[in-house]
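These notes concern the structure reproduced below.
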Amino acid sequence: MFGNLSDMGKMLEGMQENADKLQAELESKTFNVKSGGGIVDITINGKGEVIDINIDDSLLSDKGSLQILLIGAINDANKMVEQNKQSSAMGMLGSIGGLNPFGNK
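Numbering (my numbering), first residue to last: -9 to 95.
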């Protein structure tokens, strides 16, 4: 029914290796987002962890604005990470026999 099970096992093993490589590649990337015209600058890694924040001194006395700009920048950075994960996953699915369920690569 499934042909040679050994071949299927090798194929699944290869897919897992590709998934592991993709995960490592994604985690090694960094994304930078600026908010408020650059007065808040956030760097986030592919795991979604904030690794650096730079805040212009002019914001330190305006807690409300600082909070709003930080929330916006963090949310934008997380969206970038998720979009990168999705596009990379779709690319991987498309490269292993056209498994992309959404059509084009």
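Where a beta carbon is used, it is the ideal one built from N, C-alpha and C, also for glycine.
Given the structure is predicted, the values throughout are model-derived calculations rather than measurements.
Report the three-state DSSP secondary structure of residue i (helix, strand or coil).
| i | result |
| --- | --- |
| residue 104 | Here the chain has residues from -9 to 95 only, and residue 104 is not among them. |
| residue 61 | helix |
| residue 46 | coil |
By DSSP's criteria, residue i is part of a beta bridge. Which residues make up the other side?
| i | result |
| --- | --- |
| residue 71 | Answer by DSSP bridge pairing: none, since residue 71 is not bridged. |
Can you give the Cα-Cα distance for residue i and residue j, rounded to whole angstroms?
| i | j | result |
| --- | --- | --- |
| residue 44 | residue 23 | 11 Å |
| residue 17 | residue 54 | 32 Å |
| residue 40 | residue -5 | 44 Å |
| residue 19 | residue 3 | 25 Å |
| residue 79 | residue 51 | 43 Å |
Can you find the residues in the same chain that come closer than 7 Å, C-beta to C-beta, to residue i, ignoring five residues on each side of it along the sequence?
| i | result |
| --- | --- |
| residue 75 | 16 |
| residue 71 | 21, 34, 36 and 38 |
Using a Cβ-Cβ cut-off of 6 Å (strictly less than) and excluding sequence neighbours within five positions of residue i, which residues of its own chain qualify?
| i | result |
| --- | --- |
| residue 46 | 29 |
| residue 68 | 38 |
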